[in-house]
Ligand SMILES: NC(=O)C1=CN([C@@H]2O[C@H](COP(=O)(O)OP(=O)(O)OC[C@H]3O[C@@H](n4cnc5c(N)ncnc54)[C@H](OP(=O)(O)O)[C@@H]3O)[C@@H](O)[C@H]2O)C=CC1
Ligand SMILES: O=CC(=O)O
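And the structure:
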């Protein structure tokens, strides 16, 4: 008999067919308590879980006694209680690598659009405001040859450094827990402590995961360390930045602008103060959202679940130690 699986994200037809060939699939909308209650029998029997978003914690695991593997269509896994999964010997699979270059492109787009005021001026032109040559009140700031500081020199940080160094001749600073030789030798990146990075960077770019250590790593005190001309880019996770402190810093000129793909609450409420600021470029968490990359992530997530439930895990596993 095929193992039972809960799917909580729709898949392209060919990938859904592949999943159906290996498993008995129940597709649901999400993994909220209401959905679990509605499909209690299927959740109780499921050996696999595939999707993205939603909290996978002890409460959900208690309703899924047969669960052996989770496969998230994302690289970030802050919505999973990994400790609880480990205690239950449930494998957690994710999709690193396939999305790295696309997310770095998104970050570079935020760097350029904030510095050159692309979205603000787009609205200005479309609003019929362009009646004569523009003056200094509409000028932006240069990106090329400036200093770009990267918080989190992992896969995405490295791909961003590559773009900034080769494409824009930028100086690269970084802060991570360990030294990254590849970034230093290939892109001339310099490791530094957080304070130095904040003080010296023209662009502070966050590609950190959300953990207990990174939660509100950037608050009022850190924003004050930045140059008044500096721009903050966050494509890691919203809660890495204290959004209330950021809103205040953008309003009072502590920093110049921000480019945000992620927010403390998502979707960000339409009436959030930060969305009213002209010096903010806001995106709806689209770091990896291209047709090619989202397909690749879904494909990898399906393959990851097949590997995990057949005992053939070779890569993309967050907690491989539990196989031993
Ligand atoms: N906006 C979007 O759509 C997307 C957002 N993301 C986010 O980007 C994150 C990073 O992805 P990826 O680059 O693949 O992950 P990696 O694991 O490759 O990189 C994470 C980096 O963060 C660093 N780091 C972790 N904790 C700390 C800390 N406490 N202090 C300093 N540095 C720290 C790591 O340091 P070290 O190298 O020393 O271990 C590493 O360099 C994801 O976890 C996700 O949250 C990812 C994809 C899309
Ligand atoms: O935010 C997206 C991810 O893949 O993580």
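Residue numbers (full-length UniProt numbering): 1 to 324. Backbone N, C-alpha and C define an ideal beta-carbon position, used for all residues, glycine too.
Which residue marks the beginning of the beta strand (DSSP E) containing residue i, and which one marks its end?
i: residue 173; result: 171-175
i: residue 26; result: 24-27
i: residue 203; result: 203-206
i: residue 282; result: 280-282
Cβ of residue i versus every heavy atom of ligand 2: is any distance shorter than 7 Å?
i: residue 113; result: no
i: residue 76; result: yes
i: residue 99; result: yes
i: residue 287; result: yes
Let me know the secondary structure DSSP gives residue i once reduced to three states.
i: residue 156; result: helix
i: residue 263; result: coil
i: residue 255; result: coil
i: residue 316; result: coil
i: residue 232; result: strand
i: residue 190; result: strand
i: residue 31; result: coil
i: residue 85; result: helix
i: residue 273; result: helix
i: residue 323; result: helix
i: residue 225; result: helix
i: residue 334; result: The requested residue 334 does not occur in the structure, where the chain is confined to residues 1 to 324.
By DSSP's criteria, residue i is part of a beta bridge. Which residues make up the other side?
i: residue 295; result: The partner list for residue 295 (beta bridge, DSSP) is empty, contrary to what the question assumes.
i: residue 71; result: 50, 93
i: residue 147; result: 171
i: residue 135; result: DSSP lists no partner for residue 135.
i: residue 8; result: 51
i: residue 241; result: 218
i: residue 80; result: 56
Could you check if residue i belongs to the surroundings of ligand 1, using beta carbon to heavy atom distance under 7 Å?
i: residue 387; result: Outside the shown range of the chain, which is 1 to 324, sits residue 387, and nothing can be said about it.
i: residue 229; result: no
i: residue 210; result: yes
i: residue 272; result: no
i: residue 214; result: yes
i: residue 242; result: no
i: residue 175; result: yes
i: residue 108; result: no
i: residue 164; result: no
i: residue 204; result: no
Where do the ends of the alpha helix (DSSP H) carrying residue i lie?
i: residue 60; result: 58-62
i: residue 164; result: First-last for residue 164: undefined, no H or E at that position.
i: residue 103; result: 100-115
i: residue 118; result: 118-126
i: residue 66; result: Taken as a continuous stretch (DSSP letters only), residue 66 belongs to no alpha helix (DSSP H), as it is neither H nor E.
i: residue 40; result: 40-45
Mark residue i as exposed unless 16 or more other C-beta atoms lie within 10 angstroms of its C-beta, in which case mark it buried.
i: residue 69; result: buried
i: residue 123; result: exposed
i: residue 17; result: exposed
i: residue 117; result: buried
i: residue 211; result: exposed
i: residue 300; result: buried
i: residue 178; result: exposed
i: residue 125; result: exposed
i: residue 292; result: exposed
i: residue 71; result: buried
i: residue 193; result: exposed
i: residue 102; result: buried
i: residue 185; result: exposed
i: residue 43; result: buried
i: residue 229; result: exposed
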